[in-house]
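Visitor:
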Amino acid sequence: MADAIVQDVLWVLGQIAQKDHKFAMKVKLLNSTKLFHYLLKQYYNHDNALQSLLMIIKNLANNSSSVQALVKDGIVATFEKTLVYLGHTPHLKLKILLECFKQFTVSRLCCTKFVKVGLVHLLMQTFEKWEKFDGQLTLKIYNCTLNILQHLCHIRSGRKTIKSNDGLQLLYTFCTNCPEDKSYDRLLFRVCGIINQCLEKKELPVPEMSPARLYPRQSGTKENIT
C-alpha cells in the first residue's frame with residue numbers, strides 16, 4: 001500500500017515537473033532536493049515509479065545549486081546502478097535517464113564523478129550493438145549519449161577514460177558503418193568533435209614553419225599571405 005501511494009504521488013509530481021519551470025526552485029526552498037535522490041536509491045529498479053522520478057530529477061538538473069547538492073549527496077553512484085538496471089536497449093526511461101546525465105555533466109564536478117564510478121565505460125557500451133536498433137528514439141538516445149561524452153571531454157580524466165575504453169575506435173566504427181542518411185548528420189558531427197578533442201595535439205610534419213608562398217609587397221619587401 002505504501003509503495004502504491006508513493007508511486008501515485010511521484011506520478012503527480014512528475015507531471016508538474018514537466019510543466020512548472022520553477023519546480024526545482026520550489027523544491028529547493030522546501031529543502032527537499034535530496035529527498036528525490038533518496039527515493040531514486042529506493043526505487044531505481046521499480047519500473048512504475050522510476051520514470052516519474054527521472055522526470056523530476058531531470059527538472060531539478062535545471063538548477064545548478066540543486067545539481068551540486070545532488071552530486072555531493074552521491075547521486076552519480078545511484079545513476080550508475082540505474083543505468084545497469086535499465087540496460088542499453090532503447091526505451092523511454094533510458095532516454096530520460098540520459099537526458100538527466102546530459103544536464104548533470106554540464107558540471108565539471110559531476111564529470112569527475114562520472115569518471116570515478118565507471119559510467120564512461122557503460123556509456124561506450126551503447127555503441128557496441130548500435131546496428132541492432134533504429135528509429136527516432138534510438139537516434140535521440142545516441143545524440144544524448146554523444147552530448148554527454150562531449151561534456152566529459154572538457155576534463156582531462158574524461159578524455160583519458162574515453163580513450164582507455166576503446167572509445168575512439170567504437171566511435172570511428174559507428175561513423176563508418178552508420179547509414180548515409182541526413183538524420184545521422186548531427187551524430188557524425190558530434191563524433192568528429194569528440195575524436196578531435198581526444199586526439200593528441202601534434203605539430204604538423206613539415207620541415208620548417210615558414211609559409212609555402214611569399215608575395216612581394218609594393219615597397220619591395222615580402223609579406224606572408226594568410
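In the UniProt record's numbering, the protein residues as written are 1 to 226.
Think of the CB as a built atom: it goes at the ideal place given N, C-alpha and C, for glycine as much as any other residue.
The structure presented is a predicted model; accordingly, all values stated were derived computationally and were not measured.
1) If you measure between the beta carbons of residue 152 and residue 105, is that distance less than 8 Å?
2) I believe residue 54 touches residue 96 by the beta-carbon criterion, under 8 Å. Please report the beta-carbon distance rounded to the nearest angstrom.
3) Could you give the C-beta distance for residue 98 and residue 148, rounded to a whole number, given that I count them as a contact under 8 Å?
4) Excluding the five sequence neighbours on either side, which residues of its own chain have a C-beta within less than 7 Å of the C-beta of residue 23, listed in chain order?
5) Consult DSSP for residue 44 and reduce its assignment to one of helix, strand or coil.
6) Hey, how far is the Cα of residue 34 from the Cα of residue 12?
7) Going by the CB atoms, is the gap between residue 94 and residue 141 shorter than 8 Å?
8) Among the candidates 166, 91, 117, whose CA atom is the shortest distance from the CA of residue 127?
9) Would you say residue 49 and residue 10 are within 8 Å of each other, going by their C-beta atoms?
10) Could you spell out the range, first to last residue, of the alpha helix (DSSP H) harbouring residue 84?
11) Would you call residue 179 buried or exposed, if buried means 16 or more other Cβ atoms sit within 10 Å of its Cβ?
12) What are the start and end residues of the alpha helix (DSSP H) that includes residue 184?
13) Under a Cβ-count criterion, where at least 16 other Cβ atoms within 10 Å of its own Cβ denotes burial, should residue 222 be classed as buried or exposed?
14) Are residue 102 and residue 144 closer than 8 Å when you measure CB to CB?
15) Please state the DSSP three-state secondary structure of residue 99.
16) Given a cut-off of 8 Å on the beta-carbon distance, is the pair residue 92 and residue 125 in contact?
17) Under a three-way DSSP split, which group does residue 118 fall into?
Guide: Let me lay it out:
1) yes
2) Taking C-beta atoms under 8 Å as the contact rule, residue 54 and residue 96 qualify, at a distance of about 4 Å.
3) 7 Å
4) 16, 17, 59
5) coil
6) Pairing residue 34 with residue 12, the inter-Cα distance amounts to about 18 Å.
7) With respect to residue 94, residue 141 sits close: the two C-beta atoms are nearer than 8 Å.
8) 166
9) yes
10) 75-86
11) With fewer than 16 Cβ atoms within 10 Å of its Cβ, residue 179 is classed as exposed.
12) It is not in any alpha helix (DSSP H) - residue 184 carries neither H nor E in the DSSP assignment.
13) With a pLDDT of 49 at residue 222, under the threshold of 50, the predicted position of this residue should be treated as unreliable, and no value is reported.
14) yes
15) helix
16) no
17) coil
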